[in-house]
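> Heads up: the sequence shown begins at 1071 in the working numbering, then just goes up one per residue.
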Amino acid sequence: MSHNPRRFTQPVRLIVSVEADTVTSIDSLMKQGRQHGHRNRAEFVRRAIERELARCLKQP
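1. Please name the residue in 1119, 1098, 1128 whose C-alpha comes closest to that of residue 1086.
2. What is the C-beta distance between residue 1109 and residue 1096, in whole angstroms, given that I count them as a contact (C-beta under 8 Å)?
3. In terms of residue numbering, what span does the alpha helix (DSSP H) encompassing residue 1087 cover?
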């Protein structure tokens, strides 16, 4: 899995729907500055998806 969205070889756009309170929580992290390591919502969601996928693939 790529960790640099600018270097994707076959990017695919994915549209997801989430609860408003989830977006509010993400936005509050964005306002705190760069300590969380994400620059925008899409990057936050992309990393969360990759973490969950890796976790699921490790399970027997």
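Backbone N, C-alpha and C define an ideal beta-carbon position, used for all residues, glycine too.
The relevant details are as follows:
1. Per the Cα distances, 1119.
2. Their Cβ separation, rounded to whole angstroms, is 12 Å, which puts residue 1109 and residue 1096 out of contact at 8 Å.
3. Taken as a continuous stretch (DSSP letters only), residue 1087 belongs to no alpha helix (DSSP H), as it is neither H nor E.
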